[in-house]
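In this note's numbering, the protein residues as written are 25 to 105. So the structure is just underneath, and the comments pick up after that.
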């Protein structure tokens, strides 16, 4: 059986930010971008690879993690489409 600490993680950071107004992953959370806090928490619990799934990949390039972009023909229909 695979240990949970060995399962790769993909952080869903897509969305159009229509209601929030800006990418939620970049929102300040106790002095750091929210996505940085999420990566930090995952890294403390697992040594498995982490990737980010986002529509606007440029927002997350500084994270130095693999970024998976959505297919253009599926944009706006949900994170699991």
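No residue lacks a Cβ here, since even glycine has one placed at the ideal position from N, Cα and C.
TODO: Could you please give the first and the last residue of the uninterrupted alpha helix (DSSP H) stretch that includes residue 13?
DONE: Residue 13 lies beyond the residue range present for the chain, which begins at 25 and ends at 105; the question has no answer from this structure.
Open item on the list: Going by DSSP in three states, residue 89 sits in which element: helix, strand or coil?
Closed with: coil
TODO: Please report how far the alpha carbon of residue 97 lies from the alpha carbon of residue 68, in whole angstroms.
DONE: 36 Å
Open item on the list: To the nearest angstrom, how far is the alpha carbon of residue 34 from that of residue 63?
Closed with: 10 Å
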